[in-house]
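Working notes for the structure below.
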Amino acid sequence: MLMDAGGPVGSRPDGPVGACDWLSPDARASARLLLGCFLATPDVTVRITEVEAYAGTDDPASHAYKGQTARNAVMFGPAGHLYTYTMHGHTCCNVVCSPAGVAQAVLIRAGEVVDGAEVAYSRRRPGVSATHLARGPGNLTRALGVTMDHSGVDLCDRGSEVRLVRGELRAGELVAVGPRVGVSQAADDPMRFWIEGDPTVSAYRRSPRAPKPSR
DNA sequence: GGTTTGATTATCT
DNA sequence: GATAATCAAACCT
686 MLMDAGGPVG SRPDGPVGAC DWLSPDARAS ARLLLGCFLA TPDVTVRITE
736 VEAYAGTDDP ASHAYKGQTA RNAVMFGPAG HLYTYTMHGH TCCNVVCSPA
786 GVAQAVLIRA GEVVDGAEVA YSRRRPGVSA THLARGPGNL TRALGVTMDH
836 SGVDLCDRGS EVRLVRGELR AGELVAVGPR VGVSQAADDP MRFWIEGDPT
886 VSAYRRSPRA PKPSR
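In our numbering, the protein residues as written are 686 to 900.
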């Protein structure tokens, strides 16, 4: 296994600038950091506007809650890698932010396409509006062209087809926090972060299977 | 080997 | 706002 003698996994002293050593092993902290960053494929770049934190084995809503499986193995790997999975016929993608052995990850739920819009449109159904281009996890991966083929890629490696580029919030932008979309477990935990007022952020929808809201 | 569930989306009322 | 569609992984028998 790749492990520096003491240094955090993912930090590359001799590596290219932009290594993902700024990620926090805490999913919530990383979620906040990822807002305003960019996710890029060779064709399309999106600015991340909405994310959800998944706290690994401590989080009932996480795929990693019940331990490591073939499906979620990437989450237990080193930080800065891409965890992809399919559900309901769609692909979703997460950024792993914890070192090997710990399964904290951040789901990228929505973004604003800032480059390669034409390609993104061509991958989506005709007629979709700009705000819906990469709105929702499945739509986002579709617009980017991310598939299960990209499972486990190193987002910090220049050679990767999917890369993460650090970005900042614009002046005046605020981060809102709330419960996650569609989870039936821990449905009230405020683990979802988005840029307040951004039109590309998806609407909140509670899981039909979640117990009634705790008040 | 069959059944259930789900971090969803599109479509209809 | 509610409902159906749809695919794969996990779970159960």
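Even for Gly, the Cβ is constructed at its ideal location relative to N, Cα and C.
- Beta-bridge analysis with DSSP links glutamine 870 to no other residue.
- Contact annotation: the stretch 807-816 does not touch the stretch 770-790, with fewer than three C-beta pairs closer than 8 angstroms.
- Residue Gly796 holds the alpha-carbon nearest to the alpha-carbon of arginine 732 among Pro710, Val860, Val866 and Gly796.
- Sequence-distant partners of valine 729 (beyond 5 residues in either direction) whose C-beta falls short of 7 angstroms from its own C-beta, in its chain, are Val798, Asp800, Gly801, Val804, Ala805, Ala828, Leu829 and Gly830.
- Within the DSSP secondary-structure output, phenylalanine 878 pairs in a beta bridge with Val736 and Val862.
- Boundaries of the alpha helix (DSSP H) around alanine 714: 712-719.
- Serine 747 has its alpha-carbon roughly 24 angstroms from the corresponding atom of phenylalanine 723.
- Residue environment for aspartate 834: exposed (fewer than 16 other C-beta atoms within 10 angstroms of its C-beta).
- Residue environment: threonine 769 is assigned as buried (16 or more neighbouring CB atoms within 10 Å of its CB, all protein chains considered).
- Taking glutamine 753 as the centre and dropping the five residues before and after it, the same chain places the C-beta of Phe761 closer than 7 angstroms to its C-beta, in chain order.
- Within the same chain, Thr769, His775, Thr776, Cys777, Cys778 and Thr832 come within 8 angstroms of threonine 826 by CB-CB distance, once the 5 residues on both sides are set aside.
- By alpha-carbon distance to phenylalanine 878, the top candidate from Pro727, Glu858 and Pro896 is Glu858.
- For tyrosine 806, the enclosing alpha helix (DSSP H) covers residues 802-808.
- Residue state for threonine 832 is assigned as coil, using DSSP reduced to three classes.
- In this model, alanine 755 and alanine 856 are separated by some 42 angstroms (Cα to Cα).
- The alpha-carbon separation between leucine 767 and lysine 897 amounts to approximately 33 angstroms.
- Nearest to leucine 840 by C-alpha distance, out of Ala738, Thr885 and Thr726, is Thr726.
- A residue is called buried when at least 16 other Cβ atoms come within 10 angstroms of its Cβ; methionine 876 meets this threshold and is buried.
- Between the alpha carbons of valine 847 and valine 838 lies a distance of about 7 angstroms.
- In the DSSP assignment, no residue is bridged to arginine 827.
- In the DSSP annotation of this structure, the continuous segment of the beta strand (DSSP E) that includes asparagine 779 starts and ends at 775-781.
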